[in-house]
Amino acid sequence: MKDIKNILKQTQDAKRAKNISQEFQLFGVYLADSLEDQKHYSLYIKLAKTHDRGILEEALSFVKGASSVKSRGKLFMWKLKQLKTEVKVEKPNPDKPTHALQNVDSKTLIISE
Numbered sequence: 002m003k004d005i006k007n008i009l010k011q012t013q014d015a016k017r018a019k020n021i022s023q024e025f026q027l028f029g030v031y032l033a034d035s036l037e038d039q040k041h042y043s044l045y046i047k048l049a050k051t052h053d054r055g056i057l058e059e060a061l062s063f064v065k066g067a068s069s070v071k072s073r074g075k076l077f078m079w080k081l082k083q084l085k086t087e088v089k090v091e092k093p094n095p096d097k098p099t100h101a102l103q104n105v106d107s108k109t110l111i112i113s114e
């Protein structure tokens with residue numbers, strides 16, 4: 002178990018984002034640190050707030066598995082885009098019906114599939 006003194010020392014790094022009060026902010030900082038892209042803390046915090054955690058973690062594990070990468074941030078964003086398109090293809094929109102109702106006249110309805 003880590004000593005509280007060591008944990009506080011690690012979180013008070015000068016390059017680290019300061020005012021972290023929400024869990025998604027902490028996860029965004031974790032993403033930036035894991036990808037070694039401290040310049041873009043705000044981008045990763047925004048992604049952690051707006052995107053599904055599972056997709057972000059899957060993209061992060063893909064990047065961690067890559068051995069020789071010039072830019073981990075670019076690879077992460079590419080994989081994130083790929084995963085988001087896969088999820089859109091797999092999951093249909095529940096608000097949109099699978100068939101369309103067309104009102105031809107007041108008495109007849111045509112259902113097209």
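Using the working numbering, read the sequence shown as starting at 2 and increasing by one per residue.
Quick reminder that beta carbons are idealized off the backbone N, C-alpha and C, glycines included.
Only a predicted model underlies this, so the values are computations on that prediction, with no experimental measurement involved.
Worksheet entry | Distance, Lys47 Cα to Ser72 Cα | Start at 1 with the first residue of the sequence shown, and residue 72 comes out as number 71. Start at 1 with the first residue of the sequence shown, and residue 47 comes out as number 46. Answer to the nearest angstrom: the Cα atoms are 20 Å apart.
Discussion item. I'd like to confirm something about Glu59: is its beta-carbon nearer than 7 Å to some heavy atom of the ligand NAD, or not?
Written reply: With respect to the ligand NAD, the structure shown offers nothing to examine, as it has no ligands at all.
Practice prompt. If I'm right that Lys80 touches Phe63 with Cβ under 8 Å, what's the distance once you round it to whole angstroms?
Written response: For the purposes of this step, residue 80 is identified with residue 79 of the sequence shown, where counting begins at 1. For the purposes of this step, residue 63 is identified with residue 62 of the sequence shown, where counting begins at 1. Between the beta-carbon of Lys80 and that of Phe63 there is about 5 Å, and that keeps the pair under the 8 Å contact cut.
Worksheet entry | Cβ-based burial, Ala67 [other Cβ within 10 Å; buried from 16] | For the purposes of this step, residue 67 is identified with residue 66 of the sequence shown, where counting begins at 1. Classification of Ala67: exposed, given that the 10 Å Cβ count is below 16.
Worksheet item: Buried or exposed: which applies to Gly55, given that a residue is buried once 16 or more other Cβ atoms fall within 10 Å of its Cβ?
Response: Taking the first residue of the sequence shown as 1, we reach residue 55 at position 54. Residue environment for Gly55: exposed (fewer than 16 other C-beta atoms within 10 angstroms of its C-beta).
Discussion item. For Ile21 and Leu27, I'd like the C-alpha separation in whole angstroms.
Written reply: For this step, residue 21 is matched to residue 20 along the sequence shown. For this step, residue 27 is matched to residue 26 along the sequence shown. Each residue's alpha carbon lies about 6 Å from the other.
Worksheet item: Whole-angstrom Cβ separation of Phe77 and Ala60, contact assumed at under 8 Å?
Response: Numbered from 1 along the sequence shown, position 76 holds the residue referred to as residue 77. Numbered from 1 along the sequence shown, position 59 holds the residue referred to as residue 60. Confirmed, Cβ separation roughly 5 Å.
Worksheet item: My guess is that Leu32 and Leu57 are in contact by the Cβ rule of under 8 Å, so how many angstroms apart are they, rounded?
Response: As a first step, residue 32 must be located in the sequence shown, where it is residue number 31. As a first step, residue 57 must be located in the sequence shown, where it is residue number 56. Cβ atoms of Leu32 and Leu57 come within 8 Å of each other, at about 7 Å.
Discussion item. At the level of alpha carbons, what is the spacing between Thr86 and Asp53?
Written reply: Residue numbering aside, residue 86 sits at position 85 when the sequence shown is read from its first letter. Residue numbering aside, residue 53 sits at position 52 when the sequence shown is read from its first letter. Going by the C-alpha atoms only, they are around 13 Å apart.
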